[in-house]
Structures are given as structure tokens and as C-alpha cells.
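Just so we're aligned, residue 31 is where the sequence shown starts under the working numbering, counting upward by one.
By construction, the Cβ of each residue, glycine as well, lies at the ideal position given by its N, Cα and C atoms.
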Amino acid sequence: MPIFLLSEKLTIEISILGWIAWSFLVGFIGHCIPLSWLLKDTPITQLYNWLDNQDRYEKLLKIKWWKDKLPDAGQFFPRGIAKSLQGRCSILNLQRQIIETRRAEYVHWCIWLFWIPTILWMPIKGVLMSCLFATAFNLPCLLVQRYNRLRILQLERAFLLRRKGFSN
31 MPIFLLSEKL TIEISILGWI AWSFLVGFIG HCIPLSWLLK DTPITQLYNW
81 LDNQDRYEKL LKIKWWKDKL PDAGQFFPRG IAKSLQGRCS ILNLQRQIIE
131 TRRAEYVHWC IWLFWIPTIL WMPIKGVLMS CLFATAFNLP CLLVQRYNRL
181 RILQLERAFL LRRKGFSN
């Protein structure tokens with residue numbers, strides 16, 4: 031039972047505006063996070079061997095087929111970074127891309143959380159729909175960030191090995 035009893039029209043309007051405003055706010059705050067805060071993984075961004083396996087993403091999720099169809103909001107805010115590595119495969123660019131995948135993960139996790147306050151003004155069916163909406167729009171982005179980080183880390187290792195005179 032919602033705390034605020036609103037008309038159906040107002041409930042829908044508040045939900046739509048809330049999702050849009052929350053997404054922009056979280057995106058902006060995420061954009062402002064200092065790079066130094068994103069240098070290391072945390073339990074939220076940590077890659078786990080049993081879960082984060084490049085082959086699993088490619089074979090089970092077919093991520094190569096759909097990942098480029100998702101929007102890239104990396105350059106939405108001033109001084110933002112595009113996620114493409116085309117023509118920019120230096121060690122510094124690889125490390126910056128790793129940092130940006132962490133930033134994007136935090137942003138998408140925080141955006142996803144907006145379904146929780148919808149409990150205040152939506153009936154339970156609406157809250158469940160809001161949770162499904164949040165998951166449908168953020169889970170693919172989270173998966174792509176993880177997959178991209180795996181790939182970039184592999185490129186970084188190869189780059190460093192080549193620099194040291196080793197080859198695969």
C-alpha cells in the first residue's frame with residue numbers, strides 16, 4: 031500500500047519524471063567522482079573468476095551481438111570519455127577505460143535503486159513493474175561494463191607483456 035495516494039495519471043507522471051531526473055542526477059554525480067576513487071575495485075565492481083569469464087559473456091549471453099546496440103552516455107557531460115578504444119590503445123587509455131567501466135557500474139547500480147522509493151507512491155504492481163523496468167534497462171549496461179573491463183584488462187596485460195619483450 032503506497033504512503034501517498036495519488037491519481038493514476040499523477041503516479042505515472044511522477045514515476046516518469048522521477049526516473050528521468052534520478053538518471054540525470056546520478057549520471058552527473060558519477061561524472062564528478064574523482065578518478066582517484068575509481069583506481070581500485072570494490073566489492074561492487076570486483077571481477078570474480080567464477081562469474082566474470084569472457085567466454086561466458088560471449089557464448090551464454092551473446093554479448094558481442096548486442097552490446098554495441100546500447101547507448102554510450104560517456105560523453106554526455108563535459109569532459110566525458112567515449113567508451114570506444116578505436117585508435118587509442120595506449121597503456122594510459124586502457125587504464126582510463128578500466129576506470130570508466132567502474133564509474134559506469136556505480137552509476138547503473140545507483141540508477142537501478144530508484145525503484146525502491148516508488149514504494150511511496152505506487153501500488154505493489156507498480157513497484158514490481160518499476161523494479162523490472164530498472165533491471166531491464168540497467169542489467170545489460172552492467173553486464174557490458176563487466177565484459178568490457180575483462181577485455182580491456184586482457185589488452186592491458188598483453189600490452190605490458192609486449193613492452194617487457196614477451197609475446198603470447
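- Buried is the label assigned to R179, since at least 16 other Cβ atoms lie within 10 Å of its Cβ.
- Listed in chain order, the non-local C-beta contacts of G60 below 8 Å within the same chain comprise R133, A134, Y136, V137 and C140, local neighbours out to five positions each way being set aside.
- Inter-segment contact for the segment 81 to 95 and the segment 174 to 191 is present: three or more beta-carbon pairs are separated by less than 8 Å.
- Taking 8 Å as the cut-off, the Cβ atoms of F167 and W52 do not count as close.
- Between E38 and L183, the alpha-carbon positions lie close to 48 Å from each other.
- Here C119 carries a coil assignment [DSSP, helix/strand/coil].
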